[in-house]
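Undergrad: Got a structure for you, written out below as structure tokens; questions coming shortly.
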Amino acid sequence: MLLELKDVQKFFSVAGGHWKTRPSPVKAVNGVDLTLKAGENLGLVGESGCGKTTLGRIILKLITPDCGTIIFNGYDITSMGHHQFRPYRKSMQMVFQDPYSSLDPRWTVRRILEEALSLEGARYPTVAQRWERTRQLLVAVGLNESVADRFPHEFSGGERQRIAIARALMLSPQLLILDEVVSSLDVLIQGQILKLLTGLQTTFPVSYLFISHNLRVVAKISHRIAVMYQGRIVESAPTQELLGNPLHPYTKELLAAAIDYRVSSGERPITSKHTTHLVDHGSGHFVMEG
Amino acid sequence: MKKDRLPLSEFQLALRRFTRNRLAVWCVYALLILYAATLGAGFLAPYSFHNEDRNYSYAPPTPIQWSKNGRSVWPQALATQLTFNEYNARVYTIDPTIKYPIKFLVKGDEYRWLGIFPCRYHLFGVDYPGRIYLLGADARGRDLFSRLLYGAQVSLSIGPLGVLISFIIGLLVGGIAGYYGGTIDNVLMRLCEMVMMVPGFYLLLALRAAVPDDFNSLQVYFAIIIILSFIGWAGLARIIRGMCLSLREREYVLAARALGVSDIKIIAHHVLPHTLSYSIFAVMLSIPGYILGESGLSLIGLGIEDPYASWGNMLSDAMSIVRIQFAPWILWPAFFIFLTVVCFNVIGDALRDCFDPLLKGEEMRQ
Ligand SMILES: Nc1ncnc2c1ncn2[C@@H]1O[C@H](COP(=O)(O)OP(=O)(O)OP(=O)(O)O)[C@@H](O)[C@H]1O
Ligand SMILES: [Mg+2]
Numbered sequence: 016m017l018l019e020l021k022d023v024q025k026f027f028s029v030a031g032g033h034w035k036t037r038p039s040p041v042k043a044v045n046g047v048d049l050t051l052k053a054g055e056n057l058g059l060v061g062e063s064g065c066g067k068t069t070l071g072r073i074i075l076k077l078i079t080p081d082c083g084t085i086i087f088n089g090y091d092i093t094s095m096g097h098h099q100f101r102p103y104r105k106s107m108q109m110v111f112q113d114p115y116s117s118l119d120p121r122w123t124v125r126r127i128l129e130e131a132l133s134l135e136g137a138r139y140p141t142v143a144q145r146w147e148r149t150r151q152l153l154v155a156v157g158l159n160e161s162v163a164d165r166f167p168h169e170f171s172g173g174e175r176q177r178i179a180i181a182r183a184l185m186l187s188p189q190l191l192i193l194d195e196v197v198s199s200l201d202v203l204i205q206g207q208i209l210k211l212l213t214g215l216q217t218t219f220p221v222s223y224l225f226i227s228h229n230l231r232v233v234a235k236i237s238h239r240i241a242v243m244y245q246g247r248i249v250e251s252a253p254t255q256e257l258l259g260n261p262l263h264p265y266t267k268e269l270l271a272a273a274i275d276y277r278v279s280s281g282e283r284p285i286t287s288k289h290t291t292h293l294v295d296h297g298s299g300h301f302v303m304e305g
Numbered sequence: 296m297k298k299d300r301l302p303l304s305e306f307q308l309a310l311r312r313f314t315r316n317r318l319a320v321w322c323v324y325a326l327l328i329l330y331a332a333t334l335g336a337g338f339l340a341p342y343s344f345h346n347e348d349r350n351y352s353y354a355p356p357t358p359i360q361w362s363k364n365g366r367s368v369w370p371q372a373l374a375t376q377l378t379f380n381e382y383n384a385r386v387y388t389i390d391p392t393i394k395y396p397i398k399f400l401v402k403g404d405e406y407r408w409l410g411i412f413p414c415r416y417h418l419f420g421v422d423y424p425g426r427i428y429l430l431g432a433d434a435r436g437r438d439l440f441s442r443l444l445y446g447a448q449v450s451l452s453i454g455p456l457g458v459l460i461s462f463i464i465g466l467l468v469g470g471i472a473g474y475y476g477g478t479i480d481n482v483l484m485r486l487c488e489m490v491m492m493v494p495g496f497y498l499l500l501a502l503r504a505a506v507p508d509d510f511n512s513l514q515v516y517f518a519i520i521i522i523l524s525f526i527g528w529a530g531l532a533r534i535i536r537g538m539c540l541s542l543r544e545r546e547y548v549l550a551a552r553a554l555g556v557s558d559i560k561i562i563a564h565h566v567l568p569h570t571l572s573y574s575i576f577a578v579m580l581s582i583p584g585y586i587l588g589e590s591g592l593s594l595i596g597l598g599i600e601d602p603y604a605s606w607g608n609m610l611s612d613a614m615s616i617v618r619i620q621f622a623p624w625i626l627w628p629a630f631f632i633f634l635t636v637v638c639f640n641v642i643g644d645a646l647r648d649c650f651d652p653l654l655k656g657e658e659m660r661q
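Protein chains in written order, with the numbering used here: chain A, 16 to 305; chain B, 296 to 661.
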């Protein structure tokens, strides 16, 4: 198992009011269990604000969870110190949601990409070696090597995402978290990026955790899909199974919105109480029961 | 686009953009000349700042003869004669019969070059009893040109030194407040607001009043710098704090953290450079405030005191309109203050425009 999350939880306290009238915290991630096998792409789908980004950042330890365990490659990384975590860090990377803020605007593409290599000084000691690796990645994500000396603001959103993907792949991670990589792009470019991502997996042995609010997009790239609702995973199943046989009402609603699937009347109301838990429906299909 | 493999550094690119702004480049030259002049003030000035001759009170610029009968000759300073008219006002008349040839590398008043090496040689001068006033004389018959040079040493150094101190304080306070947030941020920002709440000049006066009377001129000089930077740091701290607060949430900072780049490197490479591009012009634009602050203090007699020269205290001579009418050259310090302030402002603006592909990028997003 490449990645395993157990009951991960993160609440954000909200500013405003004093200690008595302070509003209750935002339950961004509210007890998430998730597994990801090596070589498998997992899609994480849910509406805006359901905690997808927060979950992605928790996995990378950019945010400390309130409780829960994160197991990466069999090692519990939750309580690891900064130093201990170092070797694992480069095995997981993230492509961030906003292509306009994820690249330092005052750095050239070349410097952005080579920042990662500076952490691997032993493997890439010379300028030539670093440039070789940079060039290789630029070509891999479908950019011309001549873009290396340009600044991020000279690129379109799609090109920026390619650069961000290249940066994330610089150190050959095993897990790549793609946070809404195509959400800000038009449909045509979305298709190109998705194709690129699938293609990259032939050269780079990397698993994707593909985060999106768009079920249709997630379905194109994922072997398995987990549906997130209000900080919880409400259903997870292999892609075909989930699309063909959605069990949780929220999934059905998502599906209806995405591919015009008709919701039959008389369904259960959508629930997300913490007392509920995932129930196995066979063949890897888990659903949250009320 | 250069085909060359080695990319232009960010600094080179910024420099290239900067040099496209002709006005700013001229301002840089002007400031360079002014600062170079302060370094060689003792040598460039024909007299020391306290060399006075009451017979030449408010003497006009010395006329210099360049040619005779259509032929150019070695420049000669013509003597001026002081008489009084029927209203007992001074009248200077040129006496063309007495001439003093201008000499170069003459021995004159002793000065210390860079404050260390004693030296008596001056770039130019005339023999005793002649006097040369390139820009005229002040009330006590001291050479305005010489005093402008000595005054520049004070007036031009106070700005950068003051800014340096407030910049260090501002960077520290702003960085700590912005990085840690919470209570520390609250306390530090309230402190800033307390400093900023009091109108600058009153604070200046109050602080000046707290400085002991028996300070010598050098101590007063440093006291003024410290007072000015005490007033100046709060604004910078607030700017930097605000920037750090938003910068640490940027996704490229997160990306660097995800790569495992150390905090120190992230701050040095991804956070501070961004505050620097903003604060470098904030600094440039705030230097005039220090220069004007010193001038203001000196003008009302609370800054650098006679006989020492600063542009501000030289201007205190020009507080009466009658004197300005009679000897308009005593306004030269005002001209130089104006020139310096404008130069710093233009350069500050140009830096803002050029140091930032960031600004362009952000404008495009909106
Ligand atoms: N640093 C934070 N402080 C306070 N609240 C936060 C913070 N980060 C996220 N939240 C809140 O947590 C919730 C989940 O946010 P998150 O960004 O994870 O959602 P998301 O699923 O990624 O949404 P989107 O699809 O819009 O990106 C939101 O309600 C958000 O307001
Ligand atoms: Mg998000």
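Virtual Cβ for every residue (Gly too), placed ideally from N, Cα, C. Note that the coordinates shown come from a computational prediction; the quantities given were computed from them, not determined experimentally.
Ignoring anything shorter than 3 residues or poking outside the stretch 373-423 of chain B, list the beta strand (DSSP E) runs there in chain order.
TA: The qualifying runs are 385-396, 398-408 and 412-420.
Undergrad: If distances are taken between C-alpha atoms only, which option among A:PRO120, A:SER251, A:LEU203 and A:GLU256 comes closest to VAL232 of chain A?
TA: Locating residue 232 of chain A in the first sequence gives position 217, counting from the first residue. Nearest C-alpha to VAL232 of chain A: A:LEU203.
Undergrad: Going along the stretch 544-563 of chain B in order, which residues come within less than 8 angstroms of chain A, judged by CB to CB distance?
TA: If the cut-off is 8 angstroms between Cβ atoms, the stretch 544-563 of chain B has ARG545, GLU546, TYR547, LEU549, ALA550, ALA551, ARG552, ALA553, LEU554, GLY555 and VAL556 near chain A.
Undergrad: Which word fits GLN176 of chain A, buried or exposed, when buried means at least 16 other C-beta atoms lie within 10 angstroms of its C-beta?
TA: Reading the first sequence from its first residue, position 161 is the one you call residue 176 of chain A. It counts as buried.
Undergrad: Among the residues of its own chain, which have a CB less than 8 angstroms from the CB of SER280 of chain A, if the five just before and after it don't count?
TA: Here residue 280 of chain A is taken as the residue at index 265 of the first sequence, counted from 1. A caution first: SER280 of chain A carries a pLDDT of 49, below 50, which makes its placement in the model unreliable, though a value can still be read off. So the list is empty, once near-sequence residues are dropped.
Undergrad: For GLU195 of chain A, verify whether its CB is less than 7 angstroms away from any heavy atom of ligand 1.
TA: In the first sequence, counting from the first residue as 1, residue 195 of chain A sits at position 180. Within the cutoff, so yes.
Undergrad: Which residues, taken in chain order from the stretch 93-111 of chain A, show a beta carbon closer than 7 angstroms to some beta carbon of chain B?
TA: Those residues of the stretch 93-111 of chain A that come within reach of chain B (Cβ to Cβ, closer than 7 angstroms) are ARG101, ARG104, LYS105, GLN108, MET109 and PHE111.
Undergrad: Would the beta-carbon of ALA532 of chain B fall within 8 angstroms of that of VAL468 of chain B?
TA: Working through the second sequence from its first residue, we reach residue 532 of chain B at position 237. Working through the second sequence from its first residue, we reach residue 468 of chain B at position 173. Yes.
Undergrad: LEU193 of chain A CB to nearest chain B CB: under 8 angstroms?
TA: Numbered from its first residue, the first sequence carries residue 193 of chain A at position 178. Closer than 8 angstroms: no.
Undergrad: Note down the Cα distance separating MET109 of chain A from GLU195 of chain A, rounded to an integer number of angstroms.
TA: Taking the first residue of the first sequence as 1, we reach residue 109 of chain A at position 94. Taking the first residue of the first sequence as 1, we reach residue 195 of chain A at position 180. The alpha-carbon atoms of MET109 of chain A and GLU195 of chain A are separated by roughly 11 angstroms.
Undergrad: Residues of chain A with a CB under 9 angstroms from the CB of PRO507 of chain B: which are they?
TA: One-based indexing of the second sequence puts residue 507 of chain B at position 212. Correct list: empty, because the minimum Cβ distance to chain A is about 47 angstroms.
Undergrad: Counting beta carbon pairs with one atom in the stretch 79-98 of chain A and one in the stretch 137-154 of chain A, are three or more of them shorter than 8 angstroms?
TA: Result no; under three Cβ-Cβ pairs closer than 8 angstroms.
Undergrad: Please classify ALA372 of chain B as buried or exposed, where buried requires at least 16 other C-beta atoms within 10 Å of its C-beta.
TA: Locating residue 372 of chain B in the second sequence gives position 77, counting from the first residue. It is buried - the Cβ of ALA372 of chain B has at least 16 other Cβ atoms within 10 Å.
Undergrad: Among the residues of its own chain, which have a CB less than 7 angstroms from the CB of PHE525 of chain B, if the five just before and after it don't count?
TA: Position 230 of the second sequence, counting from 1, holds the residue named residue 525 of chain B. Cβ neighbours of PHE525 of chain B beyond the five flanking positions: LEU502.
Undergrad: Decide yes or no for the touch test of the stretch 627-646 of chain B against the stretch 599-616 of chain B: beta carbon pairs closer than 8 angstroms, at least 3 of them.
TA: Yes, since at least three Cβ pairs between the stretch 627-646 of chain B and the stretch 599-616 of chain B fall closer than 8 angstroms, the two stretches touch.
Undergrad: Give me the Cα-Cα distance between ASN270 of chain A and LEU646 of chain B, rounded to the nearest whole angstrom.
TA: Looking up residue 270 of chain A in the first sequence gives position 255. Looking up residue 646 of chain B in the second sequence gives position 351. Per the sequence shown, residue 270 of chain A should be read as Leu rather than Asn. Cα to Cα, the separation comes out at about 53 angstroms.
Undergrad: So, do the stretch 204-223 of chain A and the stretch 129-139 of chain A have three or more beta carbon pairs nearer to each other than 8 angstroms?
TA: Result no; under three Cβ-Cβ pairs closer than 8 angstroms.
Undergrad: For the alpha helix (DSSP H) containing CYS249 of chain B, list its first residue and its last residue.
TA: Outside the modelled stretch of chain B, which goes from 296 to 661, sits residue 249 of chain B, for which no answer is possible.
Undergrad: Is the CB-CB distance between GLY173 of chain A and LEU200 of chain A below 8 angstroms?
TA: Working through the first sequence from its first residue, we reach residue 173 of chain A at position 158. Working through the first sequence from its first residue, we reach residue 200 of chain A at position 185. Yes, they are a contact pair.
Undergrad: If you check the beta carbons only, do ALA319 of chain B and VAL641 of chain B fall under 8 angstroms apart?
TA: Within the second sequence, residue 319 of chain B is the residue found at index 24, counting from 1. Within the second sequence, residue 641 of chain B is the residue found at index 346, counting from 1. Yes, they are a contact pair.
Undergrad: 8 angstroms is my cut-off, CB to CB: does GLU250 of chain A come that close to chain E?
TA: Note that chain E does not occur in the displayed structure, where the protein chains are A and B.
Undergrad: For a test of your reading of the model: does the CB of LYS67 of chain A fall under 7 angstroms from any non-hydrogen atom of ligand 2? Yes or no.
TA: Here residue 67 of chain A refers to the residue found at position 52 of the first sequence. Yes; taking the cut-off as 7 angstroms, the Cβ of LYS67 of chain A has a heavy atom of ligand 2 nearer than that.
Undergrad: State the beta-bridge partners of ILE328 of chain B as determined by DSSP.
TA: Within the second sequence, residue 328 of chain B is the residue found at index 33, counting from 1. DSSP lists no partner for ILE328 of chain B.
Undergrad: Hey, which unbroken runs of the alpha helix (DSSP H) at 4 residues or more fall wholly within the stretch 558-587 of chain B?
TA: DSSP runs (the alpha helix (DSSP H)) wholly in the stretch 558-587 of chain B: 558-561.
Undergrad: Output yes if chain A places a C-beta closer than 8 angstroms to the C-beta of LEU628 of chain B; else output no.
TA: For the purposes of this step, residue 628 of chain B is taken as residue 333 along the second sequence, with counting starting at 1. The sequence as given places Pro at residue 628 of chain B; Leu does not occur at that position. Not an interface residue.
Undergrad: Skipping 5 residues on each side, what residues in its chain have a beta carbon closer than 6 angstroms to that of GLY584 of chain B?
TA: Sequence index remark: in the second sequence, residue 584 of chain B carries index 289 (1-based). Closer than 6 angstroms at the Cβ level, and outside the excluded window around GLY584 of chain B, lies no residue.
Undergrad: How would you label GLU250 of chain A, buried or exposed, when you count the other beta carbons within 10 angstroms and need 16 or more for buried?
TA: For the purposes of this step, residue 250 of chain A is taken as the residue at position 235 of the first sequence. Burial call: buried.
Undergrad: Counting only C-beta atoms, is PRO568 of chain B closer than 8 angstroms to chain A at any point?
TA: Looking up residue 568 of chain B in the second sequence gives position 273. Yes, because at least one Cβ of chain A sits closer than 8 angstroms to the Cβ of PRO568 of chain B.
Undergrad: When DSSP labels each residue in this structure, what does TRP321 of chain B get in the three-state scheme?
TA: As a position in the second sequence, residue 321 of chain B is number 26, starting the count at 1. Helix at TRP321 of chain B.
Undergrad: What is the DSSP secondary structure of VAL241 of chain B, reduced to helix, strand or coil?
TA: As shown, chain B starts at 296 and ends at 661. That puts residue 241 of chain B outside it, with no answer to give.
Undergrad: Is PHE27 of chain A near ligand 1, going by C-beta to nearest heavy atom under 7 angstroms?
TA: Locating residue 27 of chain A in the first sequence gives position 12, counting from the first residue. Result yes, Cβ under 7 angstroms from ligand 1.
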